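Undergrad: Residue numbers (this note's numbering): 7 to 203.
From the three backbone atoms N, C-alpha and C, an ideal C-beta is built for every residue, glycine too.
On a predicted model such as this, the values are computed, not experimentally measured, just so you know.
#1: Mapping the DSSP letters down to three states, classify residue 194 as helix, strand or coil.
#2: Between residue 127 and residue 95, what straight-line distance do the alpha-carbon atoms span, to the nearest angstrom?
#3: Go ahead and label residue 181 buried or exposed: buried means 16 or more other beta carbons lie within 10 angstroms of its beta carbon, across all protein chains shown.
#4: For residue 185, write down the residues that DSSP places opposite it in a beta bridge.
#5: Identify the residues that DSSP records as bridge partners of residue 158: which are they?
#6: Taking the straight line between their C-alpha atoms, what separation do you get for residue 192 and residue 151?
#7: Measure the alpha-carbon distance for residue 58 versus residue 71 and round it to whole angstroms.
#8: Just tell me which of 99, 123, 105 has its CA closest to the CA of residue 147.
#9: For residue 119, which residues in the same chain have their Cβ closer than 7 Å to its Cβ, ignoring the five residues on either side in sequence?
#10: Check residue 3 in the structure and name its three-state DSSP category.
#11: Could you pull out every residue in the same chain whose Cβ sits closer than 6 Å to the Cβ of residue 167, ignoring the five residues on either side in sequence?
#12: Taking the C-alpha atoms as reference points, what is the distance between residue 74 and residue 143?
#13: In chain order, which continuous runs of the alpha helix (DSSP H) of length 4 or greater are located wholly inside the stretch 49-78?
#14: Taking all protein chains shown into account, decide if residue 145 is buried (16 or more other Cβ within 10 angstroms of its Cβ) or exposed.
#15: Which value, in whole angstroms, describes the spacing of the CA atoms of residue 155 and residue 149?
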């Protein structure tokens, strides 16, 4: 007896949902037939014009003058970071280069037979050679880091210009949600994807 009641309830639900869906379709058809036009409201979806050359312009400007691409993207707060990073790399390159020259000149004067260099009595000949190797390595690393920061400046301007053209309005959004499940007395976390036409 219970199986018959359950089966009858399921059949009733299926027919009621199909009748409801047909009723909604006939309402839509009657609305379209009465008006003969379909109105689209575009006030919520304001489209901005996309300039496909903007990323390449930003990258070119940053290549010509570091920070200019960030100014083109109107991200002015990044300009001091770019110059501080480049300035730090250049500072370490120049400092290591000057120290390298001091040790090299002292080593050359010792090879020429002079004993008047600033490191005489403190550092032996092998120490001068090792110091030159270390300072040359530091100088080259500083140069590579500076070139890398310059390249990152260009890449940042290009990527930022691409992201400025990305559509992030409310019609397309992904947001986290939290819900308390009363049946299991547990918390449910999830993501909600909204896509409106």
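TA: On the basis of the data shown:
#1: Sequence index remark: in the chain shown, residue 194 carries index 188 (1-based). In this structure, residue 194 counts as strand in the three-state DSSP scheme.
#2: On the chain shown, residue 127 is found 121 positions in, with the first residue counted as 1. On the chain shown, residue 95 is found 89 positions in, with the first residue counted as 1. If you take the alpha carbons of residue 127 and residue 95, they lie about 33 Å apart.
#3: Along the chain shown, one-based indexing puts residue 181 at 175. By the neighbour-count definition (other C-beta atoms within 10 Å, threshold 16), residue 181 is an exposed residue.
#4: Taking the chain shown and counting its residues from 1, the one referred to as residue 185 is at position 179. Residue pairing by DSSP places residue 185 opposite 194 in a beta bridge.
#5: Within the chain shown, residue 158 is the residue found at index 152, counting from 1. Residue 158 pairs with nothing; no bridge assigned.
#6: Locating residue 192 in the chain shown gives position 186, where the first residue counts as 1. Locating residue 151 in the chain shown gives position 145, where the first residue counts as 1. Roughly 51 Å between the two C-alpha positions.
#7: The residue you call residue 58 lines up with position 52 of the chain shown. The residue you call residue 71 lines up with position 65 of the chain shown. In this model, residue 58 and residue 71 are separated by some 22 Å (Cα to Cα).
#8: For this step, residue 147 is matched to residue 141 along the chain shown. Answer by Cα proximity: 99.
#9: For this step, residue 119 is matched to residue 113 along the chain shown. The answer is none, since no qualifying residue turns up.
#10: Since the first residue of the chain shown is 7 and the last is 203, residue 3 is not available in this structure.
#11: Here residue 167 corresponds to residue number 161 of the chain shown, with the count starting at 1. Excluding positions up to five away in sequence, the list reads 60, 61, 64, 79.
#12: Position 68 of the chain shown holds residue 74. Position 137 of the chain shown holds residue 143. Cα to Cα, residue 74 sits roughly 31 Å from residue 143.
#13: Taking 4 residues as the shortest admissible run, the stretch 49-78 contains the following complete alpha helix (DSSP H) segments, listed from N- to C-terminal end: 60-70, 74-78.
#14: Here residue 145 corresponds to residue number 139 of the chain shown, with the count starting at 1. Burial call: buried.
#15: Taking the chain shown and counting its residues from 1, one reaches residue 155 at position 149. Taking the chain shown and counting its residues from 1, one reaches residue 149 at position 143. Annotation: residue 155 to residue 149 spans about 10 Å, alpha carbon to alpha carbon.
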